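Engineer: Counting in the UniProt record's numbering, the sequence shown runs from 1 upward without gaps. Quick one: the structure is below, and I'll ask about it shortly.
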Amino acid sequence: MEPADDFVQYVGELVRTFKVPGLSIAVVRTAVGDSPTFQFYNSGKALESDLPQLPSQPTDEHTLYCIASTSKAFTTTALGLLIEDYKDGRGKVPLPAGVHLNWDTKVASLLPGEFVLQDAYASTHVSLADLCSHLSGVPGNDLAYGPDSSTKEIVKGLRYLRPGAELREKFQYNNLMYMTIAHIIATYSGQTFTSFVSSRIFQPLGMQYSTYQPRQPHQEPLTALRQLAHCWVNNAGLDGTDTRRVPMFNETWKEESLEMNAGPGGVISCTSDMAKWVQTMLTNGKSPDTQVIPISVMEHITTGRSVQTGRPSHPELSAAVYGAGWVRSSYQGRQMLQHTGDAIGWSSLVTFFPDDGLGVVCLSNAGSVYPALGCVTYRVAEDVLGLKRVDWLERFSPVKDTEQVDHKRTEKQEKQPSENAQPQDLAQYSGTYWNDAYGALTLCTWPAEESSISAQVFADYRLVDPDMQTHPEKYIVGRWKKVWCSHLRMIAAPPSAREDDESGQEREEHEFQLYVDTIYPQGCGVDHTPFVVRVNKDWPAKVVFAVDDAVEKGLGMWISESQIKREGSIRERAEVWFDKVA
């Protein structure tokens, strides 16, 4: 594929439409000639200048990005390598008596007394393959972990999480289970998970810039393009349309927290390195002639096991099945494996067409722009494989999404004065609540005593939200130090629990809509003005307080898109239950 003018123009249109500050693309081909070919395309900025009048540093194939959940394929590959070590008699740590390590090994047998689930059957029968393909029965619970969490704490906390389905009943994406996989690798390799991946995958494949360390110094000379790129979000501000630079979300984390995040989404890499990774996928584990990844491992990680999408979203696509860190589907009849990555300020999409010797890597330093990366990937496939061109830019246009969201938001705003009436006394909900997996949750209401924690939380919100200045009495707020948010706010729910709720379910007594936010009080980069990112502004979670029960006071929380239907008290049917402890 030559860098044709229309492709360059197309990428330029994409980055403008989706507001992508920096983008690096690698195209890998193994079906032409005797050796693989790599082609690189770059757009935009990697680093913002400290002074507005000076130019930013442009991206290139060595620009480092957080690749987020596209890291999962490295985790499952590492697990496969560990399995092969024990198969060949090279295991370093003795397995428990009677246990043999393979994909069907029960997780509880590898972590006896440590790995426990609430569902008794799932607890003893869930396998390594189940964890890899998101079939554990436990929903995501991405608000259960924070920047101070450790992998051991996460694994111990699984016993306190309620199931969302029976074992192997349905696909439920779960980062916690990939943390558990990384913990198993560390336990039985005799080294940290990150060092195992580095020595067994990064180094043999020549991925010299790839790392799990956001602060790690790289090879001299330390040029701007060997540093981790700066990153941005496009959903900042009260209406979620502002573009603001944000700090790397884990740059200040302690080492054990970096290890915690490593399994599900910790890899930092560049397109020059990721091209080598995709080449290895296309050559069935070889790099270039050495079998770095055994064929048996390649077969397992690329074979679909759980149904992620039962119906295709577009006629050119197929249903999608999840294997182990890879999603298998087809595009215009061509077999395709890919995975997306999305973190605060980062988006990635890694794709390869195994029967056609084609791979595409797209890395960006903006969050939630994977539709743009999909447009790039499909255009490359169309041009290289001679497929029909599809106007994906028109289909994925953010203008359409904005119009739909604005329409819903307008309806919601029109309903709020009459239907969103606030309870007379929000003070009854203030206090500290506790869940053994999620930890403490302290809720504050207005008025707040001067110099109190409540006053500080409201002061945080007043920096970024004028309504908190004029009508603080409407809100329940709190600081919630999690990976994906720093604060939360609640507002009384309208009669229908959600604006898009078609069930006709009426609002419960003491029901609230929960929004999680990240507040940046000093701004970031050259712009020091405070701002907020409203993480779930268009899909609030549900909270119902139990205040009348003399025995069970607390709150129930429903976070997942699909929730178990339960009868009984709030405590019995909540997805997550918090006891009121103070």
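Beta carbons: idealized from backbone N, C-alpha and C, even for Gly. Please read these numbers as outputs of a predicted model, since none were measured by experiment.
Going residue by residue through the segment 499-556, where are the continuous beta strand (DSSP E) segments of at least 3 residues, counting only ones entirely within it?
Structural biologist: For the segment 499-556, whole beta strand (DSSP E) runs of length 3 or above, ordered along the chain, are 511-520, 531-534 and 541-546.
Engineer: So, does the segment 150-166 touch the segment 127-137, judging by three or more C-beta pairs under 8 Å?
Structural biologist: These segments touch.
Engineer: Taking just the CA atoms, how far does Arg159 sit from Asn174?
Structural biologist: Against the sequence shown, residue 174 aligns to sequence position 174. Against the sequence shown, residue 159 aligns to sequence position 159. Rounded to whole angstroms, Asn174 to Arg159 spans 15 Å at the Cα level.
Engineer: Based on DSSP bridge pairs, tell me the residues matched to Leu291.
Structural biologist: The residue labelled residue 291 in the question sits at position 291 within the sequence shown. Just to set this straight, residue 291 is Gln in the shown sequence, not Leu. Gln291 is bridged to Lys286.
Engineer: With H, G and I counted as helix, E and B as strand and the rest as coil, what does DSSP make of Lys276?
Structural biologist: For the purposes of this step, residue 276 is identified with residue 276 of the sequence shown, where counting begins at 1. In this structure, Lys276 counts as helix in the three-state DSSP scheme.
Engineer: Quickly, what does DSSP pair Pro494 with across the bridge? List them, please.
Structural biologist: Here residue 494 is taken as the residue at index 494 of the sequence shown, counted from 1. For Pro494, which the question treats as bridged, DSSP gives no partner whatsoever.
Engineer: Hey, out of Leu128, Ala129, Asp104 and Pro139, whose CA is closest to Gln118's CA?
Structural biologist: As a first step, residue 118 must be located in the sequence shown, where it is residue number 118. Of the candidates Leu128, Ala129, Asp104 and Pro139, the one whose C-alpha sits nearest the C-alpha of Gln118 is Pro139.
Engineer: Thinking just about the alpha-carbon of each residue, which of Leu128, Asp60, Ala182 and Ala144 is nearest to the one in Gly263?
Structural biologist: Start at 1 with the first residue of the sequence shown, and residue 263 comes out as number 263. Checking every option, the nearest Cα to that of Gly263 belongs to Ala182.
Engineer: Decide if Gln172 is buried, meaning its Cβ has at least 16 other Cβ atoms within 10 Å, or exposed.
Structural biologist: For the purposes of this step, residue 172 is identified with residue 172 of the sequence shown, where counting begins at 1. Burial call: buried.
Engineer: For Thr192 and Lys72, I'd like the C-alpha separation in whole angstroms.
Structural biologist: For the purposes of this step, residue 192 is identified with residue 192 of the sequence shown, where counting begins at 1. For the purposes of this step, residue 72 is identified with residue 72 of the sequence shown, where counting begins at 1. Roughly 16 Å between the two C-alpha positions.
Engineer: With respect to the beta strand (DSSP E) encompassing Thr37, which residues constitute its N-terminal and C-terminal limits?
Structural biologist: Numbered from its first residue, the sequence shown carries residue 37 at position 37. Run containing Thr37: Thr37 to Leu47, per the beta strand (DSSP E) assignment.
Engineer: For Asp355, collect the residues of the same chain with a Cβ closer than 6 Å to its Cβ; drop the 5 residues on either side in sequence, then sort them by chain order.
Structural biologist: Indexing the sequence shown from 1 puts residue 355 at position 355. Closer than 6 Å at Cβ, skipping near neighbours: Gln335.
Engineer: What residue does the alpha helix (DSSP H) around Leu385 start on, and which one ends it?
Structural biologist: Within the sequence shown, the letter at position 385 stands for residue 385. Leu385 -> alpha helix (DSSP H) spans Tyr370 to Leu385.
Engineer: Should Gly325 and His339 be called a contact, given that it needs their Cβ atoms to be closer than 8 Å?
Structural biologist: As a position in the sequence shown, residue 325 is number 325, starting the count at 1. As a position in the sequence shown, residue 339 is number 339, starting the count at 1. A contact, by the Cβ cut-off of 8 Å.
Engineer: From Asp6 to Glu13, what does the alpha carbon distance come to, in whole angstroms?
Structural biologist: Start at 1 with the first residue of the sequence shown, and residue 6 comes out as number 6. Start at 1 with the first residue of the sequence shown, and residue 13 comes out as number 13. C-alpha separation (whole angstroms): 10 Å.
Engineer: Count the C-beta pairs between the segment 55-63 and the segment 293-304 that are closer than 8 Å, then say yes if the count reaches three, no if not.
Structural biologist: No, the segment 55-63 does not touch the segment 293-304.
Engineer: Is the distance from the Cβ of Met260 to the Cβ of Tyr178 below 8 Å?
Structural biologist: In the sequence shown, counting from the first residue as 1, residue 260 sits at position 260. In the sequence shown, counting from the first residue as 1, residue 178 sits at position 178. Their beta carbons are not under 8 Å apart, which means Met260 does not touch Tyr178 by this criterion.
Engineer: Could you give the DSSP three-state label for Trp446: helix, strand or coil?
Structural biologist: Numbered from its first residue, the sequence shown carries residue 446 at position 446. Residue state, collapsed to three classes: coil.
Engineer: Name the two residues that bound the continuous beta strand (DSSP E) containing Thr211.
Structural biologist: As a position in the sequence shown, residue 211 is number 211, starting the count at 1. From DSSP, Thr211 is part of no beta strand (DSSP E); its letter is neither H nor E.
Engineer: Assign Ile295 to one of two classes, buried (16 or more other C-beta atoms within 10 Å of its C-beta) or exposed (fewer than that).
Structural biologist: Counting from 1 along the sequence shown, the entry for residue 295 is found at position 295. Classification for Ile295: exposed.
Engineer: Under 8 Å between the Cβ atoms of Leu349 and Gly374?
Structural biologist: Here residue 349 refers to the residue found at position 349 of the sequence shown. Here residue 374 refers to the residue found at position 374 of the sequence shown. Yes; because the gap between Cβ atoms is below 8 Å, this pair is in contact.
Engineer: In the DSSP output, which residue or residues are listed as bridge partners for Gly22?
Structural biologist: Working through the sequence shown from its first residue, we reach residue 22 at position 22. Answer is Gly44, bridged to Gly22.
Engineer: Between Ser287 and the rest of its own chain, which residues show a CB-CB distance below 6 Å, the 5 nearest in sequence each way excluded?
Structural biologist: Position 287 of the sequence shown, counted from the first residue, corresponds to residue 287. Cβ neighbours of Ser287 beyond the five flanking positions: Leu205 and Thr280.
Engineer: Note down the Cα distance separating Ser272 from Met298, rounded to an integer number of angstroms.
Structural biologist: Residue 272 sits at position 272 when you count from the first residue of the sequence shown. Residue 298 sits at position 298 when you count from the first residue of the sequence shown. C-alpha separation (whole angstroms): 22 Å.
Engineer: Starting from the C-beta of Phe545, find all residues in its chain whose C-beta is less than 7 Å away, skip the five residues before and the five after it, and write them out in chain order.
Structural biologist: Mapped onto the sequence shown, residue 545 falls at position 545. The answer, listed in chain order, is Tyr429, His510 and Leu555.
Engineer: Could you have a look at Ile344 and say whether DSSP puts it in helix, strand or coil?
Structural biologist: Within the sequence shown, the letter at position 344 stands for residue 344. Of the three classes helix, strand and coil, the one that applies to Ile344 here is coil, per DSSP.
Engineer: Can you give the Cα-Cα distance for Leu222 and Leu228, rounded to whole angstroms?
Structural biologist: One-based indexing of the sequence shown puts residue 222 at position 222. One-based indexing of the sequence shown puts residue 228 at position 228. Bear in mind that the predicted position of Leu222 carries a pLDDT of just 41, short of 50, making it unreliable; the figure below should be weighed with that in mind. When rounded, the distance between both Cα atoms is 11 Å.
Engineer: Roughly how many angstroms lie between the CA atoms of Gly190 and Arg215, to the nearest whole one?
Structural biologist: Here residue 190 corresponds to residue number 190 of the sequence shown, with the count starting at 1. Here residue 215 corresponds to residue number 215 of the sequence shown, with the count starting at 1. Looking at the two C-alpha atoms, the distance is approximately 24 Å.
Engineer: Just to confirm the assignment, what range does the alpha helix (DSSP H) spanning Phe7 have?
Structural biologist: Here residue 7 is taken as the residue at index 7 of the sequence shown, counted from 1. Counting along the chain, the alpha helix (DSSP H) containing Phe7 begins and ends at Asp5 to Thr17.
Engineer: Decide yes or no for the touch test of the segment 121-128 against the segment 309-318: beta carbon pairs closer than 8 Å, at least 3 of them.
Structural biologist: The answer is no - the segment 309-318 does not touch the segment 121-128, with fewer than three Cβ pairs under 8 Å.
Engineer: Could you pull out every residue in the same chain whose Cβ sits closer than 6 Å to the Cβ of Ala448, ignoring the five residues on either side in sequence?
Structural biologist: Here residue 448 refers to the residue found at position 448 when the sequence shown is read from its first residue. Cβ neighbours of Ala448 beyond the five flanking positions: Ser454, Ala455 and Phe458.
Engineer: Work out the CA separation of Val155 and Met207 for me, nearest whole Å.
Structural biologist: Along the sequence shown, one-based indexing puts residue 207 at 207. Along the sequence shown, one-based indexing puts residue 155 at 155. Straight-line Cα distance between these residues: approximately 30 Å.
Engineer: How close, in whole Å, do the beta carbons of His300 and Gly91 come, if the pair is a contact with beta carbons under 8 Å?
Structural biologist: Taking the sequence shown and counting its residues from 1, the one referred to as residue 300 is at position 300. Taking the sequence shown and counting its residues from 1, the one referred to as residue 91 is at position 91. Between Gly91 and His300 the Cβ distance is about 18 Å, and since that is not below 8 Å, they are no contact.
Engineer: Using the three-state DSSP reduction, which class does Val116 fall into: helix, strand or coil?
Structural biologist: Taking the first residue of the sequence shown as 1, we reach residue 116 at position 116. Residue state, collapsed to three classes: coil.
Engineer: According to DSSP, is Ala73 part of a helix, a strand, or is it coil?
Structural biologist: Here residue 73 refers to the residue found at position 73 of the sequence shown. Ala73 falls in the helix class under three-state DSSP.
Engineer: Please report the residue range of the alpha helix (DSSP H) in which Cys132 lies.
Structural biologist: Your numbering for residue 132 matches position 132 in the sequence shown. Element bounds for Cys132: Leu128 to Cys132.
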